[in-house]
Amino acid sequence: MTAVMMMALLLVTFLLALLPGCVPLWVGRSYGETVMRWMTGMAAGFLLTAALLGALPEGFALVFHELEMASEAGMSPGSVRALESFGPGIVVLLGFLLMMAIESLGIGHAIHEEYHHHERDYGHAHVHHPRGLTVSVVIGLTVHALSDGVAIGASLATGAADIAMPLVVGIMVHKIPAAFSLAVFGLHELQRPRSVFPYLVVFALATPVAIYASWYGLATLSDLWIGIALLFSAGTFIYVATVDLLPVVHNPSTGRVALWQTLMATVVMTVLVFVIKWGGLAQHPH
1 MTAVMMMALL LVTFLLALLP GCVPLWVGRS YGETVMRWMT GMAAGFLLTA
51 ALLGALPEGF ALVFHELEMA SEAGMSPGSV RALESFGPGI VVLLGFLLMM
101 AIESLGIGHA IHEEYHHHER DYGHAHVHHP RGLTVSVVIG LTVHALSDGV
151 AIGASLATGA ADIAMPLVVG IMVHKIPAAF SLAVFGLHEL QRPRSVFPYL
201 VVFALATPVA IYASWYGLAT LSDLWIGIAL LFSAGTFIYV ATVDLLPVVH
251 NPSTGRVALW QTLMATVVMT VLVFVIKWGG LAQHPH
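Numbering (our numbering), first residue to last: 1 to 286.
Pasting the structure below:
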């Protein structure tokens with residue numbers, strides 16, 4: 001990837017996380033609960049498909065290839081078999097569990113539901129959350145954003161467009177409702193837009209910073225570490241996607257809509273991967 005392309009990608013990821021969050025700060029209230037729900041549902045489908053069709057297969061391929069080379073170089077066959085059997089799966093599990101640990105602290109993607117509640121309750125009595133919750137929410141979403149950046153950086157390090165593009169699309173679509181929800185929640189709690197804006201900037205900067213750091217760092221390491229980064233990111237995506245979908249899937253009035261959102265996103269993402277491969281853009285130099 002050229003320097004110009006990298007700068008363009010970093011700028012786009014920053015703006016897509018910043019500008020949607022500025023909307024409720026500018027207009028003074030939130031709009032479009034239905035639109036936000038559709039974007040959240042579609043983004044969850046994009047992330048799930050990108051993880052299962054892109055990050056996981058490529059991550060496993062890179063790790064297994066490196067382990068095969070290690071075996072040929074003299075590593076104990078027993079150690080290689082043990083790593084092949086458990087190592088890659090454990091990395092995926094760790095990514096999943098990290099997101100669960102963050103959510104268990106009361107921070108993270110529950111912000112989407114907070115947004116929907118505030119949208120419905122707008123104009124009613126202000127409900128105060130525990131002190132410091134705004135900072136906790138920002139920390140949780142920033143950790144999510146950093147993991148998103150690592151995933152994109154790792155996919156770019158593979159040099160394969162069919163791996164990088166679905167991840168970029170899924171993450172960027174997911175950024176819009178996340179930023180919007182963060183701004184609405186912050187405005188609800190802090191009351192003043194200028195108090196919310198610095199938090200929004202921190203959130204917006206997290207992904208481009210992580211993209212560049214992981215892309216630059218992984219370029220100097222072996223394919224094994226690129227594969228591990230992809231597998232770990234896949235675990236985080238699977239968790240985020242299912243958490244975004246599960247609350248509405250369990251509700252009979254919204255479950256069918258969530259299903260359609262996921263199916264539509266899956267079809268779009270699958271077609272995108274196919275077009276990239278068919279167009280000869282998918283090259284695997286590693």
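In this text, a Cβ means the ideal position worked out from N, Cα and C, and glycines have one as well.
Cβ pair residue i, residue j closer than 9 angstroms
{"i": "residue 231", "j": "residue 14", "result": "no"}
{"i": "residue 183", "j": "residue 24", "result": "yes"}
{"i": "residue 67", "j": "residue 224", "result": "yes"}
{"i": "residue 53", "j": "residue 166", "result": "yes"}
{"i": "residue 222", "j": "residue 152", "result": "no"}
{"i": "residue 179", "j": "residue 45", "result": "no"}
{"i": "residue 196", "j": "residue 205", "result": "no"}
{"i": "residue 9", "j": "residue 211", "result": "yes"}
{"i": "residue 147", "j": "residue 233", "result": "yes"}
{"i": "residue 203", "j": "residue 161", "result": "no"}
{"i": "residue 208", "j": "residue 149", "result": "yes"}
{"i": "residue 11", "j": "residue 200", "result": "no"}
{"i": "residue 91", "j": "residue 226", "result": "no"}
{"i": "residue 185", "j": "residue 137", "result": "yes"}
{"i": "residue 7", "j": "residue 243", "result": "no"}
Sequence-distant residues of the same chain with beta carbon closer than 6 angstroms to residue i, five excluded per side
{"i": "residue 258", "result": "41, 245, 248, 249"}
{"i": "residue 43", "result": "173, 174"}
{"i": "residue 83", "result": "67"}
{"i": "residue 262", "result": "45"}
{"i": "residue 163", "result": "54, 58, 155"}
{"i": "residue 16", "result": "172, 175"}
{"i": "residue 88", "result": "60, 63, 231"}
Own chain, CB closer than 7 angstroms to residue i, minus 5 neighbours either side, in chain order
{"i": "residue 254", "result": "248"}
{"i": "residue 4", "result": "none"}
{"i": "residue 142", "result": "202, 203, 206"}
{"i": "residue 218", "result": "153, 154, 157, 225, 226, 229"}
{"i": "residue 276", "result": "161, 162, 165, 282"}
{"i": "residue 64", "result": "84"}
{"i": "residue 194", "result": "none"}
{"i": "residue 192", "result": "none"}
{"i": "residue 265", "result": "42, 45, 46, 49"}
Beta-carbon contacts of residue i that lie in its chain and below 8 angstroms, excluding the five residues immediately before and after
{"i": "residue 269", "result": "45, 46, 49, 50, 53, 166, 169, 170"}
{"i": "residue 123", "result": "Model confidence at residue 123 stands at a pLDDT of 43, short of 50, so the residue's coordinates are unreliable; what they give is reported in the following sentence. The answer is none, since no qualifying residue turns up."}
{"i": "residue 272", "result": "165, 166, 169"}
{"i": "residue 252", "result": "none"}
Residue i at chain C interface by Cβ criterion, 9 angstroms
{"i": "residue 199", "result": "The chain inventory of the structure shown lacks chain C, comprising one protein chain alone."}
Taking contact to mean at least 3 C-beta pairs separated by less than 8 angstroms, is the region 170 to 179 in contact with the region 41 to 58?
yes
Inspect the CB distances between the region 94 to 103 and the region 231 to 247 and report whether three or more fall short of 8 angstroms.
yes
Restricting to runs no shorter than 4 residues, where is the alpha helix (DSSP H) found entirely within the region 2 to 51?
3 to 27, 33 to 50
Looking at C-beta atoms only, is the number of pairs between the region 36 to 45 and the region 137 to 156 that lie closer than 8 angstroms three or more?
no
Which full runs of the alpha helix (DSSP H) of 4+ residues lie inside the region 185 to 223, going along the chain?
The region 185 to 223 contains these whole alpha helix (DSSP H) runs: 193 to 218.
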